[in-house]
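Numbered per this note's numbering, the sequence shown spans residues 894 to 1193.
A short worksheet on the structure shown next.
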Amino acid sequence: MYSAPFEYLRAGSWEDAVAQLQRGGEDAHVLAGGQSLVPMMMLGLAAPPVLVDVGAADERTIDVRDGSLVLSALVRHVELEHSELVRRTCPMLAEAAGYIGNVRVRHRGTIGGSLAHGESTAELATVAVAHQATVRVLGPSGRRTVPASELFVTHLTTSLEPDEVITGVEFPLTAGHSGSCFLEMTRRAGDFAMAEAAATVSLDVDGRCTHARLVVGAVADRPTDVSEAARALVGEPPADAAITELARGVAEAVEIGPSVHAGVGYRREMVAVLITRALGTAISRAASGGTATSTNGHRV
Ligand SMILES: Cc1cc2nc3c(=O)[nH]c(=O)nc-3n(C[C@H](O)[C@H](O)[C@H](O)COP(=O)(O)OP(=O)(O)OC[C@H]3O[C@@H](n4cnc5c(N)ncnc54)[C@H](O)[C@@H]3O)c2cc1C
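Here it is in structure tokens:
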């Protein structure tokens, strides 16, 4: 199918993009990697009259600054997957990026586009909530930051205003012996996920859990933060029985929406399996050294 006609504009900076979006009216859209927007236009599901291409709005930078991994919104999935700095400081981000679509999609799609699109199965959304990431936003009234947990409203809907753009994302670094793991279930490699689990765990020198976060993705209309339940692990060396019980409890309580690919009961079972494996892997990664952090001013 062909898309409806549109006016194509190029922004030379994020400020320029905001000004062009304002001039284009509330149906004007940013074009980043085009891996979600263009298919929707070709299928007649979106018909923006104006597209503002932000490909030249800034450089695609990956830095560590003031205790956070700081990514330009234009960083592509393939760069997350292969960046040595991302793998060292925020390995779950690289792990999750490797699950996105196929190699063609990962070479064009951007982290800003993925978060702004608000697709409920998006791997990067689940990881952003698990890591308590902060999204940098620019609009006509200036800059603001939005916690990732407050960005996602429901399927394909975020708390961004029509003339606001995401300019970057910050992932706070974890200290000490920390481990993380992202897992998902798909029918075939590269398909959109039917269930996801993202876990981060920190251990003290005696192997006791000091911090645990857990987010379930791709089952409801946005990532579901179930970290409250994961706090049951804190204070003790995490035992297999406690992890299995926690996973069962979360899987029974979490909201699971319909999917054309599998029934609710099956996906509930899979949520329990994914949580058990993600927590187990995060714990063993933390025990074997975990993430080294706190290199400032590093750039790739
Ligand atoms: C075959 C296929 C398989 C896929 N599989 C997966 C998958 O498994 N998991 C997954 O998560 N995704 C998947 N995707 C989508 C892919 O990850 C997209 O790259 C991503 O969702 C959108 O990023 P983009 O840069 O391509 O954004 P675009 O498609 O250019 O834009 C998407 C939306 O976000 C808005 N937008 C983009 N950038 C910004 C910004 N900086 N500020 C404000 N608004 C912005 C646009 O206006 C548009 O509304 C798949 C896509 C395809 C075609």
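Even glycine gets a Cβ: it sits at the ideal position worked out from N, Cα and C.
Here the structure is a predicted model, which is why all the values come from computation and not from measurement.
Query	Result
Between the CA atoms of Val1058 and Val923 - distance to the nearest angstrom	8 angstroms
Inter-stretch contact at 8 angstroms, needing at least 3 Cβ pairs: the region 938-948 / the region 969-985	no
Alpha helix (DSSP H) runs contained entirely in the region 1022-1087, provided each spans 4 or more residues	1041-1044
Buried or exposed by the 16-neighbour rule on C-beta atoms within 10 Å, applied to Glu1145	exposed
Simplified DSSP assignment, three categories, for Ser961	strand
Span of the beta strand (DSSP E), counted from its first residue to its last, around Tyr901	900-903
His1070 CB to nearest heavy atom of ligand 1 below 7 angstroms	no
Where the alpha helix (DSSP H) containing Val1109 begins and where it ends	Run containing Val1109: none in the alpha helix (DSSP H); it sits in the beta strand (DSSP E), 1102-1110.
Check: Thr1019 C-beta below 7 angstroms from any heavy atom of ligand 1	no
Heavy atom of ligand 1 within 7 angstroms of Gly1173 beta-carbon	no
Coil, strand or helix - Ser1177 by DSSP	helix
N-terminal and C-terminal residue of the alpha helix (DSSP H) that His975 is part of	970-975
Unbroken alpha helix (DSSP H) run spanning His1000, endpoints	996-1001
Given Ala1155 as reference, the closest of Arg1036, Met1087, Ser1071 once Cα atoms are compared	Met1087
Classification of Arg1037 by the beta-carbon crowding that lies within 10 angstroms, buried from 16 upward	exposed
Check: Pro1151 C-beta below 7 angstroms from any heavy atom of ligand 1	no
Residue nearest to Ser1042 in terms of C-alpha spacing, selected from Pro1055, Ser1034, His1024	His1024
Separation of Thr1027 from Phe1045, as counted between CA atoms	12 angstroms
Among Ile993, Glu974, Asp920, Ser929, nearest to Arg1081 - alpha-carbon criterion	Ile993
Reduced DSSP category for Ala912 - H, G, I as helix; E, B as strand; rest coil	helix
Leu938 - containing beta strand (DSSP E), residue span	Careful: Leu938 lies outside any beta strand (DSSP E) and carries neither H nor E.
In DSSP terms, what Asp1097 is bridged to	Paired residues: none, contrary to the question.
Inter-residue CB distance, Ser1071 and Val1094 (contact presumed, cutoff 8 angstroms)	7 angstroms
Environment of Arg997 [buried if 16+ CB atoms lie within 10 Å]	exposed
DSSP-derived helix/strand/coil call for Leu1126	helix
Near ligand 1: Val1143 beta-carbon under 7 angstroms from a heavy atom	no
Pairwise C-alpha distance: Pro1131 and Val1098	13 angstroms
Neighbourhood of Gly960 by C-beta distance below 6 angstroms, restricted to the same chain and skipping five residues each side	Leu1066
Own chain, CB closer than 7 angstroms to Ala1015, minus 5 neighbours either side, in chain order	Ser1007
Span separating the alpha-carbon of Ala1091 from that of Ala921	34 angstroms
Bridge-paired residues (DSSP) for Thr1117	Val1109
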